[in-house]
Amino acid sequence: MYVLIDYDRMQVLAKHPNFQRLHEYGILCCSESSVVLPLEVEELYKEFDDVQMQLLYINLTGNKQGALYPKKMISKIIHYFLNEIPETVIDADVAEQADWAIASNKEGECMYREGSSVPDLGEEPNIQVRNDSSLESTIIDGPTVQTNMGIQGAWTPTRERQGTSTPANEKRAATSRTAGTRDIIFAVADEMWKEAGEPRDKKEILQLRKQMMDRLEAQGVKRNTSSNTLGVWVKERGLN
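Counting in full-length UniProt numbering, the sequence shown runs from 1 upward without gaps.
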């Protein structure tokens, strides 16, 4: 299970077991910075600093006073609440809607419209839960709950992607590197960006990011890892 979080507003926008659909959903409703994370306590804890965690808690629960707990405990509370809410309904048509948003220069200005190839214009509401201090105490004192698997299907490669091959020398280069995953992602992104003629148009960058994710996946990099790191790459290269 994954969650989509708007990094600028520190709001949870959607929850879904299919990473790719959440990524495309984020193109519709997040114009700048977003992250798709596995819904796990450790992932939340590692991703956000103390201030971000407080903002995420406030926007999720509506408790303007914030949480008077250590960061790890806040991660546990947020995980529990998000685990309990229903998952967001997102079908395969979100891919067409994301492509439409890119082509129409409407990224971040759309709402997902079920059963359509074109999204609605507007702002998706963020997810909120009912604040309950007594429940929070129970969550803190109890064991971490297991994340629900979800009802809608998780992401699987399409036939086209399954047939994607990487040249043998490229595979060797990827596996023989001593650099970390971040360095590998940045190297592939820089190479593909140069091959594409060093575009700076936002639409082209978004389309190129999808191609980068496909190539990185063929090299064994998970899509959630490449998506999040490519967001950093875009910012550091001044392409946002």
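Each residue gets a CB set at the ideal place from its N, CA and C atoms; glycine is no exception. The structure presented is a predicted model; accordingly, all values stated were derived computationally and were not measured.
Neighbourhood of residue i by C-beta distance below 8 Å, restricted to the same chain and skipping five residues each side
i           : result
Val-234     : Ile-205, Arg-209, Asn-240
Ile-139     : Lys-76, Ile-77, Tyr-80
Val-145     : His-79, Tyr-80, Asn-83
Pro-199     : Trp-193, Ile-205, Leu-208
Glu-40      : His-79, Thr-147
Leu-121     : Lys-106, Glu-109, Cys-110, Met-111
residue 256 : It is not possible to answer for residue 256, since the shown part of the chain is limited to 1 through 240.
Lys-64      : Ile-58
Beta-bridge pairing of residue i - partner residues as DSSP gives them
i       : result
Asp-183 : For Asp-183, which the question treats as bridged, DSSP gives no partner whatsoever.
Ala-14  : Leu-4
Leu-121 : Cys-110
First and last residue of the uninterrupted beta strand (DSSP E) at residue i
i       : result
Val-221 : Segment: none, Val-221 is in no beta strand (DSSP E) and carries neither H nor E.
Val-35  : 34 to 38
Residue i: first and last residue of the uninterrupted alpha helix (DSSP H) it sits in
i           : result
Ser-133     : 133 to 141
Gly-26      : 19 to 29
Gln-152     : That residue, Gln-152, is in no alpha helix (DSSP H); it is neither H nor E in DSSP.
residue 254 : Only positions 1 to 240 of the chain appear in the structure, and residue 254 is not among them; the question remains open.
residue 246 : Shown here, the chain extends from 1 to 240; a query on residue 246 therefore has no answer.
Lys-72      : 71 to 84
Lys-46      : 41 to 47
Own chain partners of residue i with C-beta closer than 6 Å, once the 5 adjacent residues on each side are dropped
i       : result
Lys-203 : Ile-102
Ile-5   : Val-12, Val-35
Glu-96  : Ser-117
Ala-196 : Leu-208
Met-53  : Lys-71, Ile-74
Ile-90  : His-16, Arg-21, Tyr-25
Arg-182 : Thr-229
Tyr-69  : none
Met-149 : none
Asp-201 : none
Val-232 : none
Glu-43  : Leu-37
Own chain residues within Cβ distance below 7 Å of residue i, not counting five before or after
i       : result
Ser-165 : Only weak support is given to the placement of Ser-165: the predicted model assigns it a pLDDT of 30, under 50, and the value that follows is read from those uncertain coordinates. Nothing meets the Cβ criterion.
Asn-169 : The pLDDT assigned to Asn-169 is 35, lower than 50, so where the model puts this residue is not dependable, and the model offers no usable value.
Tyr-45  : Lys-71, Lys-72, Ser-75
Leu-55  : Met-10
Rounded distance between the beta-carbons of residue j and residue i, thought under 8 Å
i       : j       : result
His-16  : Glu-124 : Their Cβ separation, rounded to whole angstroms, is 13 Å, which puts His-16 and Glu-124 out of contact at 8 Å.
Ile-27  : Ala-92  : About 15 Å; that fails the 8 Å criterion.
Val-221 : Ile-185 : 6 Å
Thr-61  : Asn-131 : 4 Å
Test: residue i CB closer than 7 Å to a CB of chain B
i      : result
Val-36 : Looking for chain B here will not work: only one protein chain is present.
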